[in-house]
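Undergrad: Here it is, the structure, as structure tokens.
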């Protein structure tokens, strides 16, 4: 699921035009360009029946859109949700938005702290 989700994002002209710093799992390279996306698998797993696993993984993925300004971060988040909310294809049986946030990174130098517009996605995957 992780590889295909990144591939779907990287295959979108709307996303890659904004995410000049790339699409990464877990962490963004230190000093990397902004705006950029960072993906985090934050929960979920395979469904179960009395006979064992059913093969359908339902997972929560947090997508952080980082930008120098709130507007940059929000535009990138909107490109992601525009692409993925309601998406089905490949192994994905459906991806749906399930919450969003806007905040600013911590630190002491306020002028250099990037903004983060996050969206939680519920992914239904059967690979």
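Numbering (this note's numbering), first residue to last: 215 to 341. All residues carry an ideal CB built from backbone N, CA and C; glycine is no exception.
(1) From 257, 299, 229 and 305, pick the residue whose C-alpha is nearest to that of residue 279; which is it?
(2) In chain order, which continuous runs of the alpha helix (DSSP H) of length 4 or greater are located wholly inside the stretch 255 to 319?
(3) Kindly indicate the opening and closing residues of the beta strand (DSSP E) around residue 331.
(4) Could you say which of 281, 272 and 262 lies nearest to residue 318 if we only look at CA atoms?
(5) Specify the secondary structure class of residue 223 as computed by DSSP and reduced to three states.
(6) Is the beta carbon of residue 277 closer than 8 Å to that of residue 248?
TA: Walking through what the data contain:
(1) Residue numbering aside, residue 279 sits at position 65 when the chain shown is read from its first letter. For residue 279, the nearest C-alpha among the options comes from 229.
(2) 284 to 298
(3) On the chain shown, position 117 is the one that residue 331 refers to. It spans 329 to 339 - the beta strand (DSSP E) in which residue 331 sits, taken as one unbroken run.
(4) If you number the chain shown from 1, residue 318 lands on position 104. Ranking the options by Cα distance to residue 318, first place goes to 281.
(5) Within the chain shown, numbered from 1, the residue matching residue 223 stands at position 9. Residue 223: helix per DSSP, three-state reduction.
(6) Within the chain shown, residue 248 is the residue found at index 34, counting from 1. Within the chain shown, residue 277 is the residue found at index 63, counting from 1. Cβ atoms of residue 248 and residue 277: not closer than 8 Å.
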